[in-house]
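Residue numbers (the working numbering): 1335 to 1879.
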């Protein structure tokens, strides 16, 4: 951790794991804040919500991990892409353990970085054990760096306990990557002489192996070298140890004397979403009839013309124009830097969208079908949804989700998954039913500093038409719409169901019944006051979905 951090530039971003304390101290984060994080006080970085090194510290260009292993590697790809697009001479370094190299996110991230030639160093800390499972039961290649061959990139294995070698290796490849962006896998062989965590112990490790690695302790080896080279002497070592111990004692005392967070329902709820400062744009009077699919296309096109921070990513969205042809012709206008075909990956690309967002971009990911989000669900519910709540980072990511049945597409292309995500705090869910709403709500979604799942019912694409303003406009997320006023019954619905109910209401026009129809438009947050006032008036409710 110390060698790699000192070999990088201060503004290179490091994606850490649980045990990379040396990254934090080498980037001069105060020990009292790190102790506060572990204890759970206000000196920490997560308001006591996560007493581990699962936090981001953008001021120090450090992004910590989540518990799900390898999940931050795609995020590092997004950061690397951002540096490349901004033509910054920066790189991302993502740390991972030997066990986590079996995770799908590792393979998706390395392949994506290779295909897009991203300035990312994947540094594997090979501890010999994934918790208690020896590497012999994890993989059969000789070195984990050998996996680089399959991705067409360089790989190298080094002694991770030699701080100078780590420093020299990172320095060497860092210079090469800055000159010619591309990823590399570096495997650092090392060892934990303590357990995975304190409770687990080390009974599964042969005692002789622990004794062998104790002799390779990097601090002791470095001390001996400095003394041998007459850079310091024994007295200097004693003084260094005393100063460090005194600082630790002092900062621990400060941490224990700091306040523990006080919370409330109001305090917790306000941190679920980042507050948007974007002003709504009123629609103009100049309009014409558009299909649902064309209103989405027009919104994307106009938004991209106005804002070069918007990046579109997805499978087959470039020359092919996407399976629904919504981005057809976009490559000619915006180029392949901004209209990016991806490998067939979901988790990797959703994670990279988070990395882009952290660096100030507004990524939009087209899921070819909403059903395929199941392959990227960890990134959605554990990275996108929780990041702002955990450490205050806005996440401006829009996931476009062609959804729903009625087109004989079977159980893998027709699922309605919105109710699943309604139970995940931190996500916003938008589900329009008309071309007018689709354009205005998508414009707001693109600029909202929160992760948004924008559901587009496929059956509406080419069946629904309405007058849509020619110029850009936006509609407030979280506001429903009364389609028809009434006093006898409130019908609450959204998406395709809105069309169904409107057809029924047309049939009931001759009957003496007054029905109020509400199109929610946004499912999370949803318009509670609109619904409440309608129910208060009619006292009867029918929910259709």
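Each residue gets a CB set at the ideal place from its N, CA and C atoms; glycine is no exception.
Terminal residues of the beta strand (DSSP E) in which residue 1648 lies: Working through the chain shown from its first residue, we reach residue 1648 at position 314. Start and end: 1644–1648.
Using alpha carbons as the reference points, say which of 1848, 1814, 1847, 1844 lies closest to residue 1832. On the chain shown, position 498 is the one that residue 1832 refers to. It is 1814.
Determine the contact status of residue 1440 and residue 1410, defining contact as a CB-CB distance below 7 Å. Position 106 of the chain shown, counted from the start, is the residue given in the question as residue 1440. Position 76 of the chain shown, counted from the start, is the residue given in the question as residue 1410. In this structure, residue 1410 does not lie closer than 7 Å to residue 1440 by Cβ.
Mind checking who residue 1375 pairs with in its DSSP beta bridge? The residue you call residue 1375 lines up with position 41 of the chain shown. For residue 1375, which the question treats as bridged, DSSP gives no partner whatsoever.
Could you spell out the range, first to last residue, of the alpha helix (DSSP H) harbouring residue 1931? What the structure shows of the chain is the stretch from 1335 to 1879, and residue 1931 is not part of that stretch, so it cannot be assessed.
Distance, Cα to Cα, residue 1699 vs residue 1511? Here the question's residue 1699 lines up with position 365 in the chain shown. Here the question's residue 1511 lines up with position 177 in the chain shown. About 27 Å.
Quick one: Cα of residue 1685 to Cα of residue 1407, how far? For the purposes of this step, residue 1685 is identified with residue 351 of the chain shown, where counting begins at 1. For the purposes of this step, residue 1407 is identified with residue 73 of the chain shown, where counting begins at 1. Residue 1685 and residue 1407: Cα-Cα distance of roughly 8 Å.
Write down every uninterrupted run of the alpha helix (DSSP H) in the region 1653–1731 whose length is 4 residues or greater and which is fully enclosed by it, in chain order. 1664–1668, 1681–1692, 1721–1725
Between which two residues does the beta strand (DSSP E) containing residue 1412 stretch? Counting from one through the chain shown, the residue named residue 1412 turns up at place 78. Premise fails: residue 1412 lies in the alpha helix (DSSP H), 1407–1419, not in any beta strand (DSSP E).
Sorted by chain position, which residues of the same chain lie with C-beta nearer than 7 Å to residue 1588's C-beta, five sequence neighbours on each side aside? Working through the chain shown from its first residue, we reach residue 1588 at position 254. Around residue 1588: 1366.
Can you tell which of 1753, 1821, 1863, 1583 has the C-alpha that lies nearest to the C-alpha of residue 1857? To locate residue 1857, count along the chain shown from 1; it is residue 523. Check the Cα spacing between residue 1857 and each of 1753, 1821, 1863, 1583: the tightest is with 1753.
Which residue or residues does DSSP assign as beta-bridge partners of residue 1490? Working through the chain shown from its first residue, we reach residue 1490 at position 156. Looking at the DSSP assignment, residue 1490 forms a beta bridge with 1520.
If you compare alpha carbons, which of 1415, 1464, 1750 is closest to residue 1430? Counted from its first residue, the chain shown places residue 1430 at position 96. If we check each option's Cα against that of residue 1430, 1464 comes out closest.
Going by the DSSP bridge assignment, what does residue 1853 pair with across the sheet? Position 519 of the chain shown, counted from the start, is the residue given in the question as residue 1853. 1815, 1827, per the DSSP bridge assignment.
For residue 1460, does the three-state DSSP call read helix, strand or coil? Counting from one through the chain shown, the residue named residue 1460 turns up at place 126. Here residue 1460 sits in strand by DSSP.
Three or more C-beta pairs below 8 Å linking the region 1789–1803 and the region 1615–1623: yes
Exposure label - residue 1756; buried when at least 16 CB within 10 Å: The count along the chain shown starts at 1 and reaches residue 1756 at position 422. Flag for residue 1756 reads exposed.
State buried or exposed for residue 1842, treating a residue as buried only when at least 16 other CB atoms are found within 10 Å of its CB. Translated into the one-based positions of the chain shown, residue 1842 becomes position 508. Taking all protein chains shown into account, residue 1842 has fewer than 16 neighbouring C-beta atoms within 10 Å of its C-beta and is therefore exposed.
What first and last residue would you give for the alpha helix (DSSP H) that runs through residue 1575? Sequence index remark: in the chain shown, residue 1575 carries index 241 (1-based). Note, residue 1575: alpha helix (DSSP H), 1568–1591.
Residue 1603 classed as buried or exposed, judged by whether at least 16 other C-beta atoms fall within 10 angstroms: Residue mapping note: residue 1603 aligns to position 269 of the chain shown, counting from 1. Residue 1603 comes out exposed.
With a floor of 3 residues, list each beta strand (DSSP E) that falls wholly inside the region 1419–1480, ordered by position along the chain. 1426–1431, 1454–1460
Decide if residue 1467 is buried, meaning its Cβ has at least 16 other Cβ atoms within 10 Å, or exposed. Position 133 of the chain shown, counting from 1, holds the residue named residue 1467. Residue 1467 should be labelled exposed.
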